[in-house]
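Visitor: Got a structure for you, written out below as structure tokens; questions coming shortly.
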Amino acid sequence: MDVLSRSTQETEELAKRLATQLKSGDVLALHGDLGSGKTTFTSYLVSALGIEKRVQSPTFVILRRYAAESEKKIQAVNHLDLYRIQSREEVEDLGLSDLFSEPNSITVIEWPEVAEEFLPENVTKISFEYVDENTRRIHAQNLN
Ligand SMILES: Nc1ncnc2c1ncn2[C@@H]1O[C@H](COP(=O)(O)OP(=O)(O)OP(=O)(O)O)[C@@H](O)[C@H]1O
Ligand SMILES: [Mg+2]
């Protein structure tokens, strides 16, 4: 999937469409510069999954977990932001494989490059590119 999103609303529609294609255990690696729309997309994705939580950038806590209060196919979203992670050791300390194997959960990772070697082979890469103030190019591997 490769789209030009011309507004946050279009990014919301995209997140809704992708949400229907996700399954438990999926790991999404969100690539893209500062302000390219990774957290905005994650927030819409969490809503589209029916999880009513305010999504904030996890930058200062590295990991936030959003869990649904009623029964859902995907019950929780682990949202990581590795912007401040500098070393392989710090990545190891996060225990990513335990997060990835949580039942009925998916994991979304901003700034995933530092953790590349720890990501599963079937990771879904989504890249975000700033085009102009309201426009972002969004490209997702393996999603329609
Ligand atoms: N079409 C669009 N899609 C998504 N966001 C958009 C769009 N147009 C404008 N924006 C704005 O771009 C900003 C994206 O910020 P956001 O925090 O999502 O970026 P980020 O990629 O998570 O950055 P960081 O690397 O700092 O975490 C938001 O203020 C959002 O409203
Ligand atoms: Mg962000």
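The opening position of the sequence shown corresponds to residue 1 in the UniProt record's numbering, with each subsequent residue numbered one higher. All C-beta atoms, glycine included, are put in the ideal place defined by N, C-alpha and C.
Quick one: what's got a C-beta closer than 8 angstroms to residue 145's C-beta in the same chain, skipping five residues either side?
Guide: No statement about residue 145 is possible, as the shown extent of the chain runs from 1 to 144 and does not include it.
Visitor: Between S5 and A19, what straight-line distance do the alpha-carbon atoms span, to the nearest angstrom?
Guide: Using only the alpha carbons, I get a separation of about 17 angstroms.
Visitor: Could you spell out where the beta strand (DSSP E) holding V108 opens and where it closes?
Guide: Start and end: S105 to E110.
Visitor: Do K72 and ligand 1 come close, with the Cβ less than 8 angstroms from some heavy atom?
Guide: No; taking the cut-off as 8 angstroms, the Cβ of K72 has no heavy atom of ligand 1 nearer than that.
Visitor: Kindly give me the distance between the Cβ atoms of G50 and K72, rounded to whole angstroms, as I take these residues to be in contact under 8 angstroms.
Guide: Yes, G50 and K72 are in contact; Cβ-Cβ is about 5 angstroms, under 8 angstroms.
Visitor: Would you say the beta carbon of S57 is closer than 8 angstroms to some non-hydrogen atom of ligand 2?
Guide: Yes, the beta carbon of S57 sits closer than 8 angstroms to at least one heavy atom of ligand 2.
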